[in-house]
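In this note's numbering, the protein residues as written are 6 to 169. Every residue gets a Cβ at the ideal spot worked out from N, C-alpha and C, and that includes glycine. For reference, the structure discussed in these notes is given below.
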């Protein structure tokens with residue numbers, strides 16, 4: 006079977022528009038760049054344990070109405086099924102960047118490390134008096150929870166001899 010000859014493309018009768026030359030005529034060069042100094046991105050992750058069209062639609066509508074922008078969706082799949090077990094919807098929005106005061110952060114970390122429970126310290130205000138903190142080992146805390154007066158003695162360093 007003979008091969009067909011390719012027809013030449015039809016050339017348009019209009020020449021292409023002239024290209025702009027020079028950096029002054031490029032788009033965007035006449036405007037000053039926008040520099041954002043105090044704006045940072047905030048992230049929001051919404052977890053859906055029941056993945057269906059309605060749940061995803063409700064979550065998307067709820068968070069976009071609050072000013073969040075959809076960033077992406079990720080699914081966690083079940084092993085034995087093609088249906089997703091969970092969905093994670095990621096949102097972003099612009100927010101004011103938090104100012105970092107490194108000296109006060111270091112001082113707070115030192116204070117928390119010296120005084121004990123970080124959860125209690127985080128919720129307590131600066132002016133409240135704090136009770137003295139006496140650290141207990143995990144073994145002593147378990148003994149108190151079990152209602153024992155004294156914890157069982159530790160058996161560190163004991164060597165078992167083989168039975169004959």
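Item                                                                                         : Value
Alpha carbon of residue 80 to alpha carbon of residue 100, nearest angstrom                  : 27 Å
Cβ-Cβ distance between residue 53 and residue 92 below 7 Å                                   : yes
Residue 97 beta carbon less than 7 Å from that of residue 46                                 : yes
Inter-residue Cα distance where the pair is residue 75 and residue 109                       : 35 Å
Per-residue DSSP class, three states only, for residue 76                                    : strand
Contact belief for residue 70 with residue 51 at Cβ below 8 Å, rounded distance in angstroms : Not a contact, Cβ separation roughly 13 Å.
Identity of the residues DSSP links to residue 51 by a beta bridge                           : 94
Cross-strand partners of residue 99 (DSSP beta bridge)                                       : 46
One or two residues paired with residue 82 in a DSSP bridge                                  : 89
Coarse secondary structure for residue 151, derived from DSSP in three states                : coil
Assigned secondary structure, residue 57 (DSSP; H/G/I helix, E/B strand, else coil)          : coil
Spatial distance of residue 11 from residue 78 (CA atoms)                                    : 48 Å
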